[in-house]
Each structure stands twice: as C-alpha cells, then as structure tokens.
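Here is the structure we will look at.
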Amino acid sequence: MVSHSEFANGKLMGPQGAINATQHWTDLSNRLNELGPEKTMEQWKKVWRDLKRNTRGRAAAINAAHRQTGNPDIEDKLSNLDNKVIAVIGWESSTGIPGLSAIGLATNEHLKAVTDAFIKIAEATNALTIVAQVNSQSNERMASAIERMAASNETMAAAISQLAETIGKK
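First residue of the sequence shown? That's 459 in the numbering used here, and the numbers climb one at a time after it.
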C-alpha cells in the first residue's frame, strides 16, 4: 500500500482505473492469503476500509484533544500500524488541512439571511416587471397620441392649403 498510495486511497484514474484497481486488489488478496487467513477480495477491501476508518477516527480524536484549550500536551496514542496507515492515507485525511476553515451545513441564521436576500431579489424583480409594464402602456399611449397629432397636422395642412387656394383666387 505504501508504494501504491493512489491505489490505497482509491484514486486510480483514467480509462483503465477500475481495471487497474481490480488487478491490484486481486494481487494484494493473493499475497495476503499466502501470509494468513484466506479472504475474498471483497473481504480484504472491507478490512482496509475499516482500518482506514478506525485510524482516521483515532487520529481525529487526538487532533481534537490537542486543539482544546488547556490540552497542549496530549500524548499521541497511535499504534505503529496506525502510524503506517496515516503515512499511506495522509494526516490531512484524518485531521483536516491546517488553516482551511471547515465547510459544513449552514446555520439557521445563515439560511434565514439567504432566504431574506432571495425574497428581496424576487420583490425587486416583481417591481421592475410592473415598471416595465407601466412604461410599455405609457409608450403605447404616447404612440397613439403622436398618431392623432400627425393626423391632426395633416388635417390642418389640408385646411391651410384650401385657405391659401381660396385666398389666391380672390
């Protein structure tokens, strides 16, 4: 596992990733079965998953104890096997990446603030829709008034023309 950390962490990628992982597990299962009790590949996978999970739990508990106020000198109680597993999977997988804030579920206050913001956005959108409708209606009324004014101007132009003709005949 130490020499194949990508395999140990389940991160074999690429088009052949699953095939390579199965081949690694088959080879590893055969080697382990030569050394001790016989298990299927799936049983050995479960042993590895359980070992990683339990080691992460112990490492996380120690890390949490170190971070508590007044507990700077907590003794690390990880076994040699735990330390080897941590060397393969990485300390950060158990304790988190230093300096990176936790990403968790939102608090009720945060959800309420986000909900309130979305409500305000929806209200503003509705108000803009109403303004656009009113502008559209106003534009239609203005267009109608301009058409009436143009018709009235044509009528006045015709009347002035007739008046000019009448005056010109006299």
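Cβ coordinates follow ideal geometry from the N, Cα and C atoms, glycine included.
Original post:
Between A518 and V505, what straight-line distance do the alpha-carbon atoms span, to the nearest angstrom?
Top reply: Spanning the two alpha carbons is a distance of roughly 20 Å.
Original post:
What is the DSSP secondary structure of L409, reduced to helix, strand or coil?
Top reply: Absent from the structure is residue 409, since the part of the chain shown begins at 459 and ends at 628.
Subject >> Cβ shell of L558 (< 6 Å), same chain only, five flanking positions each side left out >> reply: With a pLDDT of 49 at L558, under the threshold of 50, the predicted position of this residue should be treated as unreliable, and no value is reported.
**OP:** Kindly indicate which three-state DSSP category T583 falls into: helix, strand or coil?
**Re:** Reduced to three states, the DSSP call for T583 is helix.
**OP:** For I547, count neighbouring C-beta atoms within 10 Å of its own C-beta (all shown protein chains included) and say buried if the count is 16 or more, exposed if not.
**Re:** In the assembly as shown, I547 is a buried residue. Its beta-carbon has 16 or more other beta-carbons within 10 Å.
**OP:** Report all residues from its chain with a CB closer than 7 Å to the CB of K510; omit the five preceding and five following residues, and keep chain order.
**Re:** Sequence-distant Cβ neighbours of K510 in its own chain, meaning closer than 7 Å and more than five residues away, are V543, I547.
**OP:** Label T513 either buried or exposed according to how many other C-beta atoms from any shown protein chain fall within 10 Å of its C-beta, with 16 as the threshold for buried.
**Re:** T513 is classed as buried because its beta carbon has at least 16 other beta carbons within 10 Å across all chains shown.
Subject >> K504, enclosing alpha helix (DSSP H) - first and last residue >> reply: Judged by DSSP secondary structure, K504 falls within the alpha helix (DSSP H) whose first and last residues are 499–525.
Subject >> Unbroken alpha helix (DSSP H) run spanning G475, endpoints >> reply: G475 -> alpha helix (DSSP H) spans 475–493.
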